[in-house]
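Structure first, commentary second.
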Amino acid sequence: ETLVHWVPLLQDGALMGAVAVFHDISALKRVERIRRDFVANVSHELRTPVTVIKGYAETLLSGALAQDPERGERFLQIILNHAERLSSLVRDLLALSELESSERALNLQRVPVKEAVERALLLVAQRGEEKGITLTCLEGTASPVVLADRARLEQVLINLLDNAIKYSERGGTVSVDAAVEGKLVRILVRDSGIGIPEQDLPRLFERFYRVDAARSRDNGGTGLGLSIVKHIVQAHGGTLSVESEQGRGSVFSFTLPAV
Ligand code: ADP
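First residue of the sequence shown? That's 325 in the UniProt record's numbering, and the numbers climb one at a time after it.
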């Protein structure tokens, strides 16, 4: 899409002609549309838990459940769940906006992959245990060293491991591996979970994109995790990719510069 803009050419106050300036505004419009969609999505995501919290709190305050403490307790639990959703959303939105404002530069260090993976595993271990999932880390491989922001790398690993556990059935396995590819290190997070339909793969890293919104919400998901992961990986000059087969599992992998 182009916008034409005529600029008069004057010489000694006399009109000599005009120059046409063509502006390509399709890219601008696209950015504007993405921004508008994002704001609409955020508003929708925030409104839902707020509406639920208001409704249940009002019912409790009206005294309608005074004779039914069990039901009252269930309502309080629902209020708590939705408050937790709100706080996850705010946390992820802040993480995204922090990543987008380039003020916060990466604090690049030499990080042994195994160290970062072990710390991330520690944080997700409980959730894995609750679902009876076996977690393994760099079995039989040497630990490469990458140039990365340690905290950000751990955030990437935690998000990917968290998803691997969330989207697995009980008793599954999740493993992390690393392989040197020239000047890069590829880190892979594999799961034996539910997998992702092929038609969803191209849009998976978009903000708020979910294969199954209900399942994501039930698991405390915000739909922002993978877009945060992609941002961090790209800030390091790496790439994020996914391979998946429905019903068999998924492999998310990303590259980072090797030391
Ligand atoms: P969410 O908070 O919904 O998990 P993400 O951005 O982390 O958001 O992931 C986006 C969607 O990708 C999820 O809703 C889910 O449908 C799908 N997904 C992510 N990781 C996996 C995985 N390991 N196995 C199956 N599906 C996954």
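Think of the CB as a built atom: it goes at the ideal place given N, C-alpha and C, for glycine as much as any other residue.
All figures in this text were calculated on a predicted structure; none of them were measured in a lab.
Which two residues bound the contiguous alpha helix (DSSP H) that contains residue i?
i, result
"I489", "R474 to K490"
"H555", "G549 to A559"
"S467", "Note, S467: premise wrong, no alpha helix (DSSP H); not H, not E."
"residue 273", "Since the displayed the chain opens at 325 and closes at 583, residue 273 lies outside it and no answer follows."
Please classify residue i: is it buried, with 16 or more other beta-carbons within 10 angstroms of its beta-carbon, or exposed?
i, result
"P468", "buried"
"L339", "exposed"
"E369", "buried"
"A440", "buried"
"V513", "buried"
"A488", "buried"
"L564", "buried"
"R398", "exposed"
"residue 598", "Shown here, the chain extends from 325 to 583; a query on residue 598 therefore has no answer."
"K490", "buried"
"L481", "buried"
"V331", "exposed"
"R476", "buried"
Could you round the C-beta distance between residue i and residue j to whole angstroms and report it? I think they count as a contact, below 8 Å.
i, j, result
"F576", "G562", "Wrong, their Cβ atoms sit about 13 Å apart, outside the cutoff."
"S492", "I520", "That belief does not hold up - the Cβ atoms of S492 and I520 are roughly 12 Å apart, past 8 Å."
"H555", "L445", "Actually they are not in contact, since the Cβ atoms of H555 and L445 sit about 22 Å apart, beyond 8 Å."
"L430", "A559", "6 Å"
"R443", "E478", "6 Å"
"V435", "A472", "5 Å"
With residue i as the anchor, note down where its beta strand (DSSP E) starts and where it stops.
i, result
"G573", "G573 to P581"
"F346", "A338 to D348"
"E567", "L564 to E569"
"V535", "Per DSSP, V535 belongs to no beta strand (DSSP E) and is neither H nor E."
Three-pair Cβ contact test at 8 Å for the segment 494 to 508 versus the segment 522 to 535
no
Using a Cβ distance threshold of 8 Å, determine whether the segment 541 to 553 contacts the segment 449 to 465, with at least three qualifying pairs required.
no
Would the segment 557 to 576 and the segment 512 to 530 be scored as touching if the rule is three or more Cβ pairs under 8 Å?
yes
Between the segment 399 to 417 and the segment 364 to 381, do at least 3 Cβ pairs fall closer than 8 Å?
yes
Can you find at least 3 beta carbon pairs, one from the segment 380 to 395 and one from the segment 346 to 355, that sit closer than 8 Å?
These segments do not touch.
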